[in-house]
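J.: Here it is, the structure, as structure tokens.
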Amino acid sequence: MNSPVNPFSGAAYDDAQDHDLIAKALAGDRQSLSDLVQRHQPYIYNVALKMLNHMADAEDLTQEILVKLVTSLSQYNPAKGRFRTWLYRITFNHFLNLKKQPYEQAVPSFEVFFEYIENTPDAALTPDEEQDLQLAIEESKVACMAGMLMCLEREQRLVYIVGEVFEIDHQLASEIFAVSPANFRQKLSRARKDLYQWMHNRCGLVNQNNPCRCPKKTKGFIQNGWVNPVELKWHSHYTHTTHELAQQNLEAVLLDVDDLYARLYQDHPFKLPQTSKDIIEAIISNDNLRESFKLTRE
């Protein structure tokens, strides 16, 4: 399966392809509309998933964004800027204006989150258990780190996800967030500092002096219902890690400490969302939308 093209990258991204698909879609080409949706759907979904930490809610949110994309497409004016700027400004504003989500209410702060982790008893695994639970251990690691992200304020979380995990081009970020590139970098720096300070003081992945270890917490996470070894939340339905799709694609020899933290998050699975076919079919079956795109039923 081909890698989805990272829309947050700089010069490597082909904006002309977006414009070509838009022109054809508005002229009634059903396949071009589908291709445009599928071009951006994986990234909208994966940012939503990291923002909400809940797969079904992320899928619903992605559907809402894509319906907005399709129904507002005729309003996009190429003379006023790149399609990516227009689309992800709509997307990120939608994320930021959501009502408070369940996980945000359950984990309101780093203090509360790490209290949950510390209150989960350690349970040493035998070599056989560690082998049998290998994926569950990885699932525990990703689940724990996803929970840490939820402790950031919502805008900080979004800035960190697109800035550090997906390595957004800072000029593009400045256009989307309506700030200067320098101001975006300041926001990203503050998000890093808040997250990494807690990780440095509590997480054994980044600081060997911390006692917390993913294998020792895995049984407790399973007992608490945070990890289901039979139905994995993160390690299913994916073909890449985020690291493989990030702009700079850091090599194993990392440049500094911040790169280590970033790489830990980039190693998380890049999940595959539901197919965009359902959205296209919904448009085809809606008389008003079908007429606006001059589409025909097939």
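The sequence shown begins at 47 in the numbering used here and counts up one residue at a time.
Cβ atoms here follow ideal geometry from the backbone N, Cα and C, with glycine treated the same way.
Since we're looking at a predicted model, the values are computed, not measured.
1. Do the CB positions of Ile214 and Lys96 come within less than 7 Å of each other?
2. Is it true that the region 226 to 236 meets the region 262 to 279, where meeting means three or more beta-carbon pairs spaced less than 8 Å apart?
3. Is Gly193 buried or exposed, if buried means 16 or more other CB atoms sit within 10 Å of its CB?
4. Count the other CB atoms, across all protein chains shown, that sit within 10 Å of the CB of Val188; report buried if there are 16 or more and exposed otherwise.
5. So what does Phe212 bridge to, in DSSP terms?
6. How many Å lie between Val299 and Tyr311 at the Cα?
7. Could you check where the alpha helix (DSSP H) with Ala317 kicks off and where it finishes?
8. So, helix, strand or coil for Thr287, using DSSP?
9. Please report the Cβ distance between Arg259 and Gly250, rounded to the nearest whole angstrom; I am assuming they are in contact, meaning their Cβ atoms lie under 8 Å.
10. If we ignore side chains and look at the alpha-carbon of each, how far apart do Ala71 and Asp60 end up?
11. Would Glu221 and Thr131 be called neighbours here (beta carbons separated by less than 7 Å)?
12. Look at Phe54 and Phe223 and say whether their C-beta atoms are less than 7 Å apart.
13. Just how far apart, CA to CA, sit Asn256 and Gln109?
14. Is any non-hydrogen atom of the ligand NAD found closer than 6 Å to the C-beta of Ala58, if you look at the structure I gave you?
15. Where in the region 153 to 199 do unbroken runs of the alpha helix (DSSP H), each at least 4 residues long, occur, reported from the N-terminal end onward?
16. Look at the Cβ atom of Ala104, then the Cβ atom of Glu210, and state whether they are nearer than 7 Å.
17. Rounded to whole angstroms, how far is the Cβ of Val27 from the Cβ of Leu306, which I believe are closer than 8 Å?
18. Could you give the C-beta distance for His216 and Phe129, rounded to a whole number, given that I count them as a contact under 8 Å?
19. Counting contacts by CB-CB distance shorter than 7 Å, is Gly209 in contact with chain C?
20. When the Cα atoms are used, what is the spatial distance from Pro148 to Gln202?
21. Which of helix, strand or coil does DSSP assign to Glu277?
22. Could you pull out every unbroken alpha helix (DSSP H) segment of at least 4 residues lying fully inside the region 64 to 117, listed in chain order?
23. Secondary structure at Lys145, three-state DSSP: helix, strand or coil?
24. Considering only the beta carbon of each residue, do Trp280 and Glu185 sit closer than 7 Å?
25. By DSSP, does Tyr122 sit in helix, in strand, or in coil?
26. DSSP three-state call for Gly266: helix, strand or coil?
27. Excluding the 5 residues flanking Leu183 on each side, which residues of the same chain have their C-beta closer than 6 Å to its C-beta?
28. Could you pull out every residue in the same chain whose Cβ sits closer than 7 Å to the Cβ of His246, ignoring the five residues on either side in sequence?
29. Alpha helix (DSSP H) containing Ala224: first to last residue?
T.: So, to answer that:
1. Their beta carbons are not under 7 Å apart, which means Ile214 does not touch Lys96 by this criterion.
2. No: the two stretches stay apart, fewer than three of their Cβ pairs being nearer than 8 Å.
3. Answer is buried; the Cβ neighbour count reaches 16.
4. Its Cβ being crowded by 16 or more others within 10 Å, Val188 is buried.
5. DSSP lists no partner for Phe212.
6. Confidence at Val299 is low in this model, with a pLDDT of 37, below 50, so the placement of that residue is unreliable and no value is reported for it.
7. The identity of residue 317 in the sequence shown is Lys, whereas the question assumes Ala. Segment 315 to 317 is the beta strand (DSSP E) holding Lys317; no alpha helix (DSSP H) there.
8. Thr287 falls in the strand class under three-state DSSP.
9. 5 Å between Cβ atoms; contact.
10. A direct Cα-Cα distance of roughly 17 Å separates Ala71 from Asp60.
11. Cβ atoms of Glu221 and Thr131: closer than 7 Å.
12. A distance of 7 Å or more separates the beta carbons of Phe54 and Phe223.
13. So the two alpha carbons sit approximately 41 Å from each other.
14. The ligand NAD is absent from the structure shown, which contains no ligand whatsoever.
15. For the alpha helix (DSSP H) assignment, the uninterrupted runs of no fewer than 4 residues enclosed by the region 153 to 199 are, from N- to C-terminal side, 156 to 164, 173 to 178, 180 to 196.
16. In this structure, Ala104 lies away from Glu210, with their beta-carbon atoms at least 7 Å apart.
17. Residue coverage of the chain in this structure runs from 47 to 344, which leaves residue 27 outside it and unanswerable.
18. Rounded, the Cβ-Cβ distance is 19 Å, inconsistent with contact.
19. No chain C is part of this structure, which consists of one protein chain only.
20. Cα-Cα distance, rounded: 18 Å.
21. Collapsing the DSSP output to three states places Glu277 in coil.
22. The DSSP assignment places 76 to 98 as complete runs of the alpha helix (DSSP H) inside the region 64 to 117, in order along the chain (cut-off: 4 residues).
23. In the three-state reduction of the DSSP assignment, Lys145 falls in the coil class.
24. In contact: Trp280 and Glu185 (Cβ atoms closer than 7 Å).
25. In this structure, DSSP gives Tyr122 a state outside helix and strand, which the three-state scheme calls coil.
26. Residue state, collapsed to three classes: helix.
27. Before going on, a small fix: residue 183 reads as Ile here, not Leu. Only Cys260, Pro261, Thr264 meet the Cβ criterion.
28. Closer than 7 Å at Cβ, skipping near neighbours: Val252, Asn253.
29. Neither: Ala224 is in no alpha helix (DSSP H) and is coded neither H nor E.
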